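Please read the structure below before turning to the comments.
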Amino acid sequence: MGLAIIGQGLAGCCLAWQLEWLNADFTVYDEPRPVAASRIAAGMINPVTGKNYTLGWRFSESLAEAVGFYRRVEGILGASFWHPMPVIRLVSEKEWKKVAPKLSDPELSPWLEGVEVFSEGPWKAAITLRGGGRVAVRDFCEATREHMRSNGRFSPPSDLSRRVHCEGAAGLITGQLGPHRSAQGEILTVRANWPQDRITVGGGGWLVPVGNSLFKAGSTYVWDRLDGEISPAGLSRVREIISELAGPDFEVVAQEAGVRPIVRRSQPVIGNMPDGRIVFNGLGSKGSLYAPSAAANLAGWLVNDAALDPGLDAKFLHSS
Ligand SMILES: Cc1cc2nc3c(=O)[nH]c(=O)nc-3n(C[C@H](O)[C@H](O)[C@H](O)COP(=O)(O)OP(=O)(O)OC[C@H]3O[C@@H](n4cnc5c(N)ncnc54)[C@H](O)[C@@H]3O)c2cc1C
10 MGLAIIGQGL
20 AGCCLAWQLE
30 WLNADFTVYD
40 EPRPVAASRI
50 AAGMINPVTG
60 KNYTLGWRFS
70 ESLAEAVGFY
80 RRVEGILGAS
90 FWHPMPVIRL
100 VSEKEWKKVA
110 PKLSDPELSP
120 WLEGVEVFSE
130 GPWKAAITLR
140 GGGRVAVRDF
150 CEATREHMRS
160 NGRFSPPSDL
170 SRRVHCEGAA
180 GLITGQLGPH
190 RSAQGEILTV
200 RANWPQDRIT
210 VGGGGWLVPV
220 GNSLFKAGST
230 YVWDRLDGEI
240 SPAGLSRVRE
250 IISELAGPDF
260 EVVAQEAGVR
270 PIVRRSQPVI
280 GNMPDGRIVF
290 NGLGSKGSLY
300 APSAAANLAG
310 WLVNDAALDP
320 GLDAKFLHSS
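Quick note on my numbering: the sequence shown kicks off at 10 and runs consecutively.
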């Protein structure tokens, strides 16, 4: 029985490549949804995140797999999707008390390139991290869809196929995986004369260069309005973030919204739900990092009956 991938965001696109490399019999299908995240995501990968300044869950192995995956697709399509660059984390005076002791943590030291402490100005310190970068998520998904379409794989699922639901927040909102914590976010694209060779994060926001003097900046987190619509509040919050990170000299060229599909932090969920449906969802706010390895595991399970990683297996989703 052939497989039918429903949804061609980051999850469905990564799965499609992994299935293609296993010579599987499959089709892909996508219908636009206003909440789709992959069409707007900045695609940032940042080794050390959060207020507590901790290394991301399974960061090292996920990064190695993600970079190998994007490079392989780049080789096939003759395009460029993975753009490695340093991440500059700006730290406030208040945060510095928490962050400074962590700088000697042996788990974090491989990712630490340098620290600059300031005696004046709005920030106390700037920490330079290696291992970060940007995945051009939208370009990757569009190029993947085009590749699958030109290979004759794009078609609505047949009644006989085994469906794999890769529907992102649109699926979660219908209750597909039970309770969820999906969060809407707004992003601005701005034009400015700032350096294009680094990502800047700090104060709960980020600024990611995307080429041609353009930057994506964000983002808001809203849990009680999941409609994919932009808002004046989103515009003013992200403007504020940008001013704090880089100053007031920029021009807004676009404002977009999408919904991060979250079921347990940003840890993906793959495999069978108790009702028998097969899912790949829950990429949260770190899809660029986790989608390739989760897709490889799911494809191996679908095609070769390989074991699912218990940390990702949908079977255990609501058991802890
Ligand atoms: C504001 C914001 C900023 C973000 N920034 C980053 C970042 O910097 N770094 C990072 O790694 N991640 C980031 N993310 C998260 C990242 O975008 C997501 O983890 C990832 O895109 C989710 O991919 P997905 O394929 O699961 O879902 P989606 O991208 O939502 O894709 C699902 C696809 O399925 C389609 N679909 C849904 N239902 C159906 C159906 N019934 N039939 C057919 N098609 C259907 C949808 O139209 C869509 O194309 C951000 C997200 C947001 C919202």
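For every residue, glycine included, the Cβ atom is placed at its ideal position computed from N, Cα and C.
Since we're looking at a predicted model, the values are computed, not measured.
Per-residue DSSP class, three states only, for E265: Here residue 265 refers to the residue found at position 256 when the sequence shown is read from its first residue. E265: strand per DSSP, three-state reduction.
Identity of the residue in A263, A255 and G256 nearest L244 by Cα: As a working note, residue 244 is residue 235 in the sequence shown. Per the Cα distances, A263.
N216 and A75 closer than 8 Å at C-beta: Stepping through the sequence shown from its first residue, residue 216 is reached at position 207. Stepping through the sequence shown from its first residue, residue 75 is reached at position 66. Correcting the residue type first, residue 216 is Leu in the shown sequence and not Asn. Going by C-beta atoms, L216 is not nearer than 8 Å to A75.
Beta-ladder partner(s) of P93, from DSSP: For the purposes of this step, residue 93 is identified with residue 84 of the sequence shown, where counting begins at 1. G142, per the DSSP bridge assignment.
Burial state of F90 (16 or more Cβ within 10 Å): As a position in the sequence shown, residue 90 is number 81, starting the count at 1. Result: buried.
Cβ-heavy atom distance, R269 to ligand 1, below 7 Å: Taking the first residue of the sequence shown as 1, we reach residue 269 at position 260. Yes, since a heavy atom of ligand 1 falls inside the 7 Å radius drawn around the Cβ of R269.
Neighbourhood of P341 by C-beta distance below 6 Å, restricted to the same chain and skipping five residues each side: Residue 341 lies beyond the range of the chain shown here (10 to 329); nothing can be said about it.
Range covered by the alpha helix (DSSP H) that runs through Y172: Along the sequence shown, one-based indexing puts residue 172 at 163. For clarity, residue 172 is Arg in the given sequence; the question names Tyr instead. Where R172 is concerned, there is no enclosing alpha helix (DSSP H), although the beta strand (DSSP E) it sits in stretches over R171 to H174.
Residue closest to E260, alpha-carbon to alpha-carbon, out of R269, N202, G227 and V288: Walking along the sequence shown from the start, residue 260 turns up at place 251. Of the candidates R269, N202, G227 and V288, the one whose C-alpha sits nearest the C-alpha of E260 is N202.
As assigned by DSSP and simplified to three states, the class of Q27: Numbered from 1 along the sequence shown, position 18 holds the residue referred to as residue 27. Q27: helix per DSSP, three-state reduction.
Counterpart residues of P319 in DSSP-defined beta bridges: Along the sequence shown, one-based indexing puts residue 319 at 310. P319 is not bridged to any residue.
Bounding residues of the beta strand (DSSP E) (the contiguous stretch that carries R200): Position 191 of the sequence shown, counted from the start, is the residue given in the question as residue 200. Looking at the DSSP string, the run of the beta strand (DSSP E) that includes R200 is A192 to R200.
Cβ pair count under 8 Å reaching 3, the region 56-66 against the region 145-157: no
Cβ pair count under 8 Å reaching 3, the region 211-228 against the region 51-60: yes
Proximity below 8 Å, CB of L344 to CB of R98: Outside the displayed range of the chain (10 to 329) lies residue 344, so it cannot be described from this structure.
For P218, the residue or residues it bridges with in DSSP: Along the sequence shown, read from residue 1 onward, the residue named residue 218 stands at position 209. Its beta-bridge partners are F224.
Local Cβ density within 10 Å of K60, reported as buried at 16 or more and exposed below that: For this step, residue 60 is matched to residue 51 along the sequence shown. Exposed.
Cut-off 7 Å between Cβ atoms - residues of its own chain near D318, not counting five sequence neighbours on either side: Indexing the sequence shown from 1 puts residue 318 at position 309. Hits under 7 Å: N306.
Nearest-angstrom Cβ-Cβ length linking A266 and Q193, presumed shorter than 8 Å: Looking up residue 266 in the sequence shown gives position 257. Looking up residue 193 in the sequence shown gives position 184. Right, their Cβ atoms sit about 6 Å apart.
Supposed close pair L197, I251 - CB separation, criterion 8 Å: Against the sequence shown, residue 197 aligns to sequence position 188. Against the sequence shown, residue 251 aligns to sequence position 242. Right, their Cβ atoms sit about 7 Å apart.
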